[in-house]
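Residue 69 in our numbering sits at position 19 of the sequence shown, with consecutive numbering throughout.
Data block below; observations after.
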Amino acid sequence: MFNLSHMSNVTRMSNVTRMSNVTRMSNVTRMFNVTRMFNVTRMFNVTRMSNLSHMFNVTRIAHITRRAAL
């Protein structure tokens, strides 16, 4: 009887530990994925914004130059 109960306790402990490990791993992975996604999105947004403003500035300068040339 003692052996059986001890075995079941050990099994339950290992299951709990594995569950907590799996949960923690998935949480860490999800956090990492969210952070990476956010970083990629921010990088993309910053790049797009800078490209748009650059394009806009170039276009405006070209218009001003053309108007001045005319």
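Glycine is no exception: its CB is placed at the ideal position from the N, C-alpha and C atoms.
This structure is a prediction, so every number in the text was calculated from the model and none was measured.
Distance check for residue 102 and residue 110, CA to CA, integer angstroms please. Residue 110 and residue 102 have their alpha carbons spaced roughly 12 Å apart.
Tell me whether residue 66, by its Cβ, gets closer than 6 Å to a heavy atom of the ligand FMN. Summarising the ligand content, the structure contains no ligands, and the ligand FMN is consequently not present.
Can you tell me which of the three DSSP states residue 120 falls into? In the structure shown, residue 120 falls within a coil segment according to DSSP collapsed to helix, strand and coil.
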